[in-house]
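Only one structure is covered here, and it is reproduced in the block below.
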Amino acid sequence: MDLKLSQFGRVHALWQLLAVLLAAITLACVALALTVPTRADASKRSDKCDTSSSGPGHTGVLKLDCPNAPSNGLAASQDAEPSAAGDSFKELEPIAPNYHRDRMLVRAHGTGKIPHSAAPDVLGAFRLTCAPSHLSYDDPVVYPDQPGKSHLHLFFGNSLANASSTYQSLRKTGSSTCGELNRSAYWMPALMNGQKVILPDYATVYYKRRPTSDPLCHTATIECIGLPRGLRYVFGRAMTGGKTASDTKDPVNFVCTKPAISSRDMNEVLSKCQNGAKFLAQIAANNCWNGTQLDSPDHRSHMAQMYWNNRGQQVCPRGHKFQTPDFHFIVTWTMRDQMRSAKFSSDIMADTAAGETLHADWFGAWDDQTLATWLKNCINGFKNASGGDLCDGTQIKGASVPSYGWRNPKPIVDAPKRG
């Protein structure tokens, strides 16, 4: 009996020793795993309010799913939307709001209802409406600090945008015709007939992209991101006419609602469009960023156009793997006789046919928290939002309908004099 108990004790002790060894091995494995991050680990950590540096080339990039964290929109979601930065990229510092954000929001469409899913589309969408702001011969992207040097531009958004505008000045000053929480500046050549400017009714800013949960947002050629603070560029047709040499497809299209016409040829659409119908100019921006520059010498080459590969997938070209939300700028006029022989100011300067040089500029100056909200809830939340709806029951005040309604009460004005 004593022998049996002794044997039992030795066996029991052996099992205890094995248990201790297994526990030690397990702890060692856990410690090792914590020191070797994986994509899944990065995804999990992005759910937390991590304000630390994100690796080489990342300058204190902040995660945007923290409600009160200042951020630039690079990482806007609990779905691990990555921060993009090349070795030479230095992130702009956030600008503290000089306004009460809550006062610039209203219940979404008066009800607070959340937008429906974007399905069967595979893209999340966010839209807002902008009224025309002002006319100027300035261009803060192409001719910074050189007032009066450009062809005549029509501005939308920040009411104080001028030749000297910077990210900092746009964030700190001016009201906005796109809703006060979007102080970005948008501008395009003015539509002219002689010395008269034909003003549009409004412009639609339209962003769409796959959610970051989609595997196609994380491939060898694509990494989906938000909008870096202060990003700016020119998009659309070249000043010599037609698409640029680097674009694979024409980024400009014209539409009439009655009769229904869609064409790359502006004169074709204008000649057939009935008075009182809506005439639309659609300009698609390039959405593949190089991750190193907020601007480039030609104001275009830091952005590139997506293209279809041989597997039927849209990809970004080499050196431009960071995919920002796909941006379309759609400007709407009420058709009238004066438009049939009208040209854009850039067409007049380049002596081309109407619409051949149509382009636009964008200088980003979003409220950080608002940008983070629509990226997370609408784009990554796979919703279909319009009118500045942030997909959380709130809506940007002034981003749904112009203050005068859907039809501009002053559609034709005199062109301002230079100087």
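Each residue of the sequence shown is one higher than the one before, counting from 1 in the UniProt record's numbering.
We put the beta carbon where it would ideally sit given N, CA and C, even for glycine.
It should be emphasised that the depicted structure is a prediction, and the values quoted were computed from it without experimental measurement.
Q | Own chain residues within Cβ distance below 7 Å of Asn98, not counting five before or after | A | Correct list, in chain order: Lys172.
(Q) Let me make sure I understand the geometry here. Which of Arg300, Ile396, Asn290, Arg210 has the alpha-carbon closest to that of Arg318? (A) Per the Cα distances, Asn290.
Q: Compare the Cα-Cα distances from Cys178 to each of Ser403, Asn408, Leu123 and report the closest residue.
A: It is Ser403.
Q. Would you call the CB atoms of Lys343 and Glu180 closer than 8 Å?
A. The Cβ atoms of Lys343 and Glu180 do not sit closer than 8 Å to each other.
Q: Classify Glu268 as helix, strand or coil using the three-state DSSP reduction.
A: Three-state DSSP puts Glu268 in a helix.
Q: Could you tell me which uninterrupted beta strand (DSSP E) segments, each at least 3 residues in length, are contained entirely in the region 306-390, listed from first to last along the chain?
A: Taken in chain order, the complete beta strand (DSSP E) segments of 3 residues or longer contained in the region 306-390 are 326-334, 359-363.
Q) If you run the structure through DSSP and keep just helix, strand and coil, what is Asp414? A) Asp414 falls in the strand class under three-state DSSP.
Q | Selected residue, minimal CA-CA separation from His116, among Thr166, Tyr206, Asn377, Ala163 | A | Nearest option by C-alpha distance: Asn377.
Q: Could you say which of Thr292, Cys224, Lys383, Asn253 lies nearest to Asp326 if we only look at CA atoms?
A: Among Thr292, Cys224, Lys383, Asn253, the Cα nearest to that of Asp326 is on Cys224.
Q.
Once DSSP output is grouped into helix, strand and coil, what is the label at Cys217?
A. If DSSP states are grouped into helix, strand and coil, Cys217 belongs with the helices.
Q) Can you check whether the CB of Ala399 is closer than 8 Å to the CB of Met188? A) In this structure, Ala399 does not lie closer than 8 Å to Met188 by Cβ.
Q.
Cutting at 6 Å between CB atoms, please list the residues of its own chain near Phe279, excluding the five before and the five after it.
A. Closer than 6 Å at Cβ, skipping near neighbours: Cys256, Cys273, Trp333, Met335.
Q.
DSSP has Asn182 in a bridge; who is on the other side?
A. In the DSSP output, where bridge partners are listed per residue, Asn182 has Trp366.
Q: Tell whether a beta-carbon distance below 8 Å holds between Val122 and Arg264.
A: Cβ atoms of Val122 and Arg264: not closer than 8 Å.
Q | Unbroken beta strand (DSSP E) run spanning Lys278, endpoints | A | For Lys278, the uninterrupted beta strand (DSSP E) segment begins and ends at 278-284.
Q: Just mark Ala260 as buried or exposed, buried being the case when its beta carbon has 16 or more other beta carbons within 10 Å.
A: Classification of Ala260: exposed, given that the 10 Å Cβ count is below 16.
Q | Spatial neighbours of Met104 in its chain, beta-carbon cut-off 6 Å, leaving aside the 5 residues before and after | A | Excluding residues within five positions, the ones whose Cβ falls inside 6 Å are Glu180, Leu181, Lys397.
Q) Roughly how many whole angstroms lie between the Cα atoms of Leu216 and Pro411? A) Spanning the two alpha carbons is a distance of roughly 44 Å.
**Q.** Thr240 beta carbon less than 8 Å from that of Lys350
**A.** Note on identity: in this sequence residue 350 is Ala, with Lys being the wrong assignment. Yes, these two residues count as a Cβ contact at 8 Å.
**Q.** Sequence-distant residues of its chain with Cβ nearer than 7 Å to Gln369 (five each side left out)
**A.** Beyond the five residues adjoining it in sequence on each side, Gln369 comes within less than 7 Å, by CB distance, of Arg101 in the same chain, given in chain order.
Q. Taking Cβ positions, are His320 and Gln282 nearer each other than 8 Å?
A. Contact: no.
Q.
Going by DSSP in three states, Tyr233 sits in which element: helix, strand or coil?
A. Residue state, collapsed to three classes: strand.
Q: Using beta-carbon positions only, say whether Ser159 and Gly174 come within less than 8 Å of one another.
A: Taking C-beta atoms as the reference points, Ser159 and Gly174 count as a pair closer than 8 Å.
Q. Does the region 192-206 come close enough to the region 241-254 that 3 or more CB-CB pairs lie under 8 Å?
A. Cβ pair count under 8 Å is below three, so no.
Q: Taking all protein chains shown into account, decide if Ala119 is buried (16 or more other Cβ within 10 angstroms of its Cβ) or exposed.
A: With fewer than 16 other CB atoms across the displayed protein chains lying within 10 angstroms of its CB, Ala119 is exposed.
Q. Is it right to say Trp308 is buried, meaning 16 or more other beta carbons lie within 10 angstroms of its own, or is it exposed?
A. So Trp308 ends up on the exposed side.
Q: Counting only the same chain and skipping the five closest in sequence on each side, list residues whose C-beta sits under 6 Å from that of Tyr207.
A: Excluding sequence neighbours, Tyr207 sits near Phe126, Pro325, Phe327.
(Q) Please classify Leu152 as buried or exposed, where buried requires at least 16 neighbouring CB atoms within 10 angstroms. (A) Result: buried.
Q | Exposed unless 16 or more other CB atoms sit within 10 angstroms - verdict on Asp367 | A | Per the 10 Å Cβ criterion, buried.
Q | Residue environment, Cys29, which counts as buried when at least 16 other CB atoms sit within 10 Å | A | Low per-residue confidence applies at Cys29: pLDDT is 42, beneath 50, and the placement is therefore not dependable, though the value from the model is reported in the following sentence. Cys29 is classed as exposed because its beta carbon has fewer than 16 other beta carbons within 10 Å across all chains shown.
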